[in-house]
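In this text, residue positions in the sequence shown follow the numbering used here: the first is 7, and each later residue adds one.
One structure is given here, and the rest of the page talks about it.
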Amino acid sequence: MFICDKFSFIENQLLNNMDKWKLNIRKLIERLFFLFLIGLILYLPIKFVKYHLFDLSYQEILEFSWRTDGCRVLDTMKYTTKCPCPSFIESDDYITISDDGDLYFENELFGKLILKDKPSFFPDPSEILSGGFMEIIRSDLGVVCYYDSVSKF
7 MFICDKFSFI ENQLLNNMDK WKLNIRKLIE RLFFLFLIGL ILYLPIKFVK YHLFDLSYQE
67 ILEFSWRTDG CRVLDTMKYT TKCPCPSFIE SDDYITISDD GDLYFENELF GKLILKDKPS
127 FFPDPSEILS GGFMEIIRSD LGVVCYYDSV SKF
């Protein structure tokens, strides 16, 4: 009789502990879901604030697509009809930018990059351009190439 009482006591303790585990797992899942929801709600405002308070790094510039807006001869206001710059700059074009703004194409110096306007954080899907403007100074060719940012829609 004593052994049966001992087993029933152990069985009751196990059942009580299993109920506590179920409650703890449910609370843990609820807390994780709540944290996920808070993170999701705060993600866009934090990204928006970060975008407007900090400058784009040169590597973040390459996340956007850029198209040629024209070229002009260095130190003059004369625009050339035949632009020696590539018509599009994409993120996968083997282009790197140093911290000083030097633009390298396949490890060769291509020019000096100057970002005039950042692309819009909320681009209008009905428009092709997203508001960004940059220029690349090609001192080897004596031209300045102008680029507009293009929406990726």
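Glycine residues also receive a C-beta, built at the ideal position from the N, C-alpha and C atoms.
This one's a predicted model, so the numbers in the text were calculated from it and none came from an experiment.
Fully contained in the region 44-129 are the following beta strand (DSSP E) runs of length 3 or more, in chain order: 71-79, 101-103, 108-111 and 114-123. Contact between K124 and S71 does not hold, since their C-beta atoms are separated by about 14 angstroms, which reaches or exceeds 8 angstroms. Of K88, D105 and L38, the smallest CA-CA separation from D75 is found for K88.
Nearest to K122 by C-alpha distance, out of L41, R37, F54 and Y64, is Y64. By the Cβ rule, the region 142-154 counts as touching the region 90-98, because three or more pairs are nearer than 8 angstroms.
Look at I134 here: in three-state DSSP terms it is coil, with no helix or strand label. Shortest Cα-Cα distance from E66 to any of F40, L41, E112 and G107 involves G107.
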